[in-house]
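S.K.: Position 53 of the sequence shown, counting from 1, maps to 237 under this note's numbering, and the rest follow consecutively.
The C-beta atom is built at its ideal place from N, Cα and C for all residues, glycine as well.
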Amino acid sequence: MPICSLLENQSVAKLKPFGTITMDFSFIETSTREVLEKVLQESHNYAEFTKALGRIAISEDASDEIVLLAIRHANNLNLGEFELNILNSNAERRVVLPFLLSRQASNDTGWDLAIKATEEAIEQVEEDWLTFLYLLQLYWIAIMTGFGNPLEETTQIRIKEMLEKNPSLNCYSGKFHLYHVFRLKQEGDIPRALDSCTQGLKTAEIFDDKLYESQLLCQKAELIGLFQFGPGSTSAAKRILTKARGICETLGDIQGLMSLQSLIQVICHIRAEYSEANEINYSIIENRTLVAQDLDINLHDTAFILNELGNGREALEMAMLALEGAGRRPLLLPYCHMDVAWSLINLNRLDEAAHQMDLARDFILHSGIESTIAYEYMINGLLERARGDFQSAFHSFEKALIINERNHRYNRANSCLIKLAETEVLAFEKTSKNRDDEVAGKWHARLEKFGREMELPGVVGIELLLRGELRLKQGHEIEARDCIEKALQMADSPGLAFLKKRTIRVLNLF
Numbered sequence: 185m186p187i188c189s190l191l192e193n194q195s196v197a198k199l200k201p202f203g204t205i206t207m208d209f210s211f212i213e214t215s216t217r218e219v220l221e222k223v224l225q226e227s228h229n230y231a232e233f234t235k236a237l238g239r240i241a242i243s244e245d246a247s248d249e250i251v252l253l254a255i256r257h258a259n260n261l262n263l264g265e266f267e268l269n270i271l272n273s274n275a276e277r278r279v280v281l282p283f284l285l286s287r288q289a290s291n292d293t294g295w296d297l298a299i300k301a302t303e304e305a306i307e308q309v310e311e312d313w314l315t316f317l318y319l320l321q322l323y324w325i326a327i328m329t330g331f332g333n334p335l336e337e338t339t340q341i342r343i344k345e346m347l348e349k350n351p352s353l354n355c356y357s358g359k360f361h362l363y364h365v366f367r368l369k370q371e372g373d374i375p376r377a378l379d380s381c382t383q384g385l386k387t388a389e390i391f392d393d394k395l396y397e398s399q400l401l402c403q404k405a406e407l408i409g410l411f412q413f414g415p416g417s418t419s420a421a422k423r424i425l426t427k428a429r430g431i432c433e434t435l436g437d438i439q440g441l442m443s444l445q446s447l448i449q450v451i452c453h454i455r456a457e458y459s460e461a462n463e464i465n466y467s468i469i470e471n472r473t474l475v476a477q478d479l480d481i482n483l484h485d486t487a488f489i490l491n492e493l494g495n496g497r498e499a500l501e502m503a504m505l506a507l508e509g510a511g512r513r514p515l516l517l518p519y520c521h522m523d524v525a526w527s528l529i530n531l532n533r534l535d536e537a538a539h540q541m542d543l544a545r546d547f548i549l550h551s552g553i554e555s556t557i558a559y560e561y562m563i564n565g566l567l568e569r570a571r572g573d574f575q576s577a578f579h580s581f582e583k584a585l586i587i588n589e590r591n592h593r594y595n596r597a598n599s600c601l602i603k604l605a606e607t608e609v610l611a612f613e614k615t616s617k618n619r620d621d622e623v624a625g626k627w628h629a630r631l632e633k634f635g636r637e638m639e640l641p642g643v644v645g646i647e648l649l650l651r652g653e654l655r656l657k658q659g660h661e662i663e664a665r666d667c668i669e670k671a672l673q674m675a676d677s678p679g680l681a682f683l684k685k686r687t688i689r690v691l692n693l694f
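(1) What residue from N462, S599, N272 has the CA that sits closest to N588's CA?
(2) Excluding the 5 residues flanking E554 on each side, which residues of the same chain have their C-beta closer than 8 Å to its C-beta?
(3) Below 8 Å, can you find three or more Cβ-Cβ pairs linking the region 378-389 to the region 332-347?
(4) Does DSSP classify D573 as helix, strand or coil?
(5) Whole angstroms are fine: how far does the CA of S243 sit from the CA of V251?
(6) Please state if the CB of W313 and the CB of R353 are separated by a distance shorter than 8 Å.
(7) Taking its Cβ as the centre, do 16 or more other Cβ atoms sit within 10 Å of S398, making it buried, or is it exposed?
(8) Hey, out of F411, A258, I454, T302, whose CA is closest to I646's CA?
(9) By a C-beta neighbour count over all protein chains shown, 10 Å radius and 16 as the cutoff for buried, is L515 buried or exposed?
(10) What whole-angstrom Cβ distance do E406 and L447 have, given they're in contact under 8 Å?
(11) For the region 519-589, which segments carrying the alpha helix (DSSP H) assignment without a break, of at least 4 residues, lie completely within its bounds, in sequence order?
(12) For a test of the three-state rule: what should DSSP assign to A664, helix, strand or coil?
(13) Reducing DSSP to helix, strand and coil, say where E213 ends up.
(14) Can you give me the start and stop residues for the alpha helix (DSSP H) that F612 sits inside?
(15) Could you say which of G416, T418, A487, L441 lies nearest to A428 if we only look at CA atoms?
(16) Would you identify the three-state DSSP class for E639, choosing helix, strand or coil?
(17) Straight-line CA distance for A476 to F411?
(18) Spatial neighbours of N193 within its chain, please: CB distance less than 6 Å, with the 5 preceding and 5 following residues excluded, ordered by chain position.
(19) Pick helix, strand or coil for T329, following the three-state DSSP scheme.
(20) Hey, N530 and A499: beta-carbon distance below 8 Å or not?
(21) Since I451 contacts G409 with CB under 8 Å, what's their CB separation in whole angstroms?
(22) Quick one: give me the first and last residue of the alpha helix (DSSP H) that S273 is part of.
(23) Can you look up A388 in the DSSP assignment and give me helix, strand or coil?
(24) Rounded to whole angstroms, what's the CA-CA distance from F578 to L604? Just pull it up for me.
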């Protein structure tokens with residue numbers, strides 16, 4: 185069901201007060217609190233509250249406090265255009281200038297003006313809570329303008345000093361922890377990022393800050409599932425994301441839900457739960473269309489999973505749509521051409537696929553981005569395999585695997601490992617020496633061990649099918665059927681529905 189429809193169905197009960205909104209009540213004027221309470225009574229969820237408050241904030245008689253709070257809540261929900269409308273409507277207010285200039289900044293001069301305006305606002309306001317909100321804005325500017333920025337360290341120190349001096353401001357620290365996690369993640373310091381995430385979640389729970397609880401839960405899931413990839417990590421990440429999803433749905437946080445869906449899709453890809461990933465991708469496209477957002481990257485993701493499923497026709501449609509819009513995103517162009525090439529390989533249109541690869545390489549030479557090079561190796565391996573050149577395919581897949589592992593692109597790395605094992609089974613020819621071998625080769629052995637140790641259900645299911653095909657080639661039909669039936673049982677899981685079609689294809693070989 186589309187997110188918007190889901191949220192409409194849930195907008196029945198009135199919104200109950202919770203910390204993300206009520207944390208302001210200890211600091212604001214009585215008249216401001218009365219406005220917030222009235223809006224609360226008339227709203228069904230946090231998104232409705234935020235939009236209603238924003239409409240009040242663009243009226244001429246709105247107070248500075250109302251305007252600043254409207255900006256805070258719109259920013260919380262990543263309502264870009266809505267927030268910008270509030271900013272533009274109040275551009276003459278001095279208190280708004282730091283936020284407006286930050287939105288307008290696109291070069292060093294623009295950022296310098298935003299920093300100056302924010303520093304001046306910090307000096308001029310008397311209330312601690314407003315000082316803290318401006319410091320959070322300054323910290324955001326600092327981490328957005330590059331690594332090693334002295335402003336980042338000094339602002340972080342000022343924020344911590346304020347929290348020590350006035351612990352009541354801790355209610356606003358969820359945003360600080362979110363920014364800090366983002367910064368540490370960029371730096372590659374995952375243990376400290378997780379520590380900051382844990383601290384932020386404790387604070388969010390204490391102050392009932394549901395908005396930042398959901399966002400920090402998503403960060404935690406990403407850190408555990410993607411950056412600390414290990415046994416059981418993806419299962420843990422999915423459980424965390426299920427909790428975050430429930431919060432987002434209650435809040436009416438559409439942007440949060442779409443971000444969460446994108447992360448679940450990557451986790452599903454790692455687990456080779458291709459059917460679930462495919463459903464999520466189509467849901468993301470539908471929801472982004474409803475809120476008029478660009479689809480290019482989502483179309484690429486959808487084409488990728490459709491190709492994993494072997495659905496060349498639909499994958500080609502998605503890839504061509506992505507290619508049409510990728511002119512706005514030069515770094516996406518080579519991916520889109522390779523999506524088209526993979527689709528054509530699945531359709532056995534190999535000469536056309538080779539042409540698309542030539543087009544992709546022209547863009548890859550200019551970008552030089554390793555993840556793009558890895559994708560080229562993988563698609564080239566598929567083309568070589570389709571032409572019967574197994575040795576070249578092995579070389580290409582292994583090159584792609586090494587790059588993806590080095591860059592922690594586990595979804596792509598797992599795809600490459602599966603393709604290496606598939607190629608070993610395809611290339612296998614029975615002899616008197618190998619007729620009783622347990623596996624088709626080193627990559628098949630590695631895939632079997634990897635899937636079970638890392639608790640990746642789709643990888644386990646795919647390996648069982650490959651083992652069934654191998655046993656069939658070896659002439660061990662009873663063992664082959666046993667493997668295939670086990671894979672078929674796994675296909676009952678919604679994320680692994682694709683296995684059913686593949687098991688039937690193998691069963692037809694008997």
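M.R.: According to the structure shown:
(1) The residue you call residue 588 lines up with position 404 of the sequence shown. When each option's Cα is compared against that of N588, the closest is S599.
(2) Taking the sequence shown and counting its residues from 1, one reaches residue 554 at position 370. Hits under 8 Å: I587, R590, N591.
(3) no
(4) Position 389 of the sequence shown, counted from the start, is the residue given in the question as residue 573. In this structure, D573 counts as coil in the three-state DSSP scheme.
(5) If you number the sequence shown from 1, residue 251 lands on position 67. If you number the sequence shown from 1, residue 243 lands on position 59. Distance between the alpha carbons of V251 and S243 is about 9 Å.
(6) Taking the first residue of the sequence shown as position 1, residue 353 is located at position 169. Taking the first residue of the sequence shown as position 1, residue 313 is located at position 129. Here residue 353 turns out to be Leu, not Arg, going by the sequence shown. Yes, these two residues count as a Cβ contact at 8 Å.
(7) Residue numbering aside, residue 398 sits at position 214 when the sequence shown is read from its first letter. Burial call: buried.
(8) One-based indexing of the sequence shown puts residue 646 at position 462. It is I454 whose Cα lies nearest to the Cα of I646.
(9) The residue given as residue 515 occupies position 331 in the sequence shown. L515 is exposed by the Cβ-count criterion.
(10) In the sequence shown, counting from the first residue as 1, residue 406 sits at position 222. In the sequence shown, counting from the first residue as 1, residue 447 sits at position 263. About 6 Å; that satisfies the 8 Å criterion.
(11) 534-551, 554-570
(12) Locating residue 664 in the sequence shown gives position 480, counting from the first residue. Three-state DSSP puts A664 in a helix.
(13) Here the question's residue 213 lines up with position 29 in the sequence shown. Of the three classes helix, strand and coil, the one that applies to E213 here is coil, per DSSP.
(14) As a first step, residue 612 is located in the sequence shown; it is residue number 428 there, counting from the start. F612 -> no alpha helix (DSSP H), and no H or E assigned at all.
(15) Residue 428 sits at position 244 when you count from the first residue of the sequence shown. A428 has its Cα closest to that of L441, out of G416, T418, A487, L441.
(16) The residue you call residue 639 lines up with position 455 of the sequence shown. Correct three-state label for E639: coil.
(17) Taking the sequence shown and counting its residues from 1, the one referred to as residue 476 is at position 292. Taking the sequence shown and counting its residues from 1, the one referred to as residue 411 is at position 227. Rounded to the nearest angstrom, the two C-alpha atoms are 31 Å apart.
(18) Residue mapping note: residue 193 aligns to position 9 of the sequence shown, counting from 1. Note that N193 has pLDDT 47, beneath the 50 cutoff, so the model's placement of it is unreliable and no number is given.
(19) Taking the sequence shown and counting its residues from 1, one reaches residue 329 at position 145. T329 falls in the coil class under three-state DSSP.
(20) For the purposes of this step, residue 530 is taken as residue 346 along the sequence shown, with counting starting at 1. For the purposes of this step, residue 499 is taken as residue 315 along the sequence shown, with counting starting at 1. Result yes, Cβ atoms of N530 and A499 sit closer than 8 Å.
(21) Looking up residue 451 in the sequence shown gives position 267. Looking up residue 409 in the sequence shown gives position 225. Correct: roughly 5 Å between the Cβ atoms.
(22) Residue numbering aside, residue 273 sits at position 89 when the sequence shown is read from its first letter. Where S273 is concerned, the enclosing alpha helix (DSSP H) stretches over 264-273.
(23) Residue 388 sits at position 204 when you count from the first residue of the sequence shown. Residue state, collapsed to three classes: helix.
(24) Here the question's residue 578 lines up with position 394 in the sequence shown. Here the question's residue 604 lines up with position 420 in the sequence shown. Whole-angstrom Cα-Cα distance: 6 Å.
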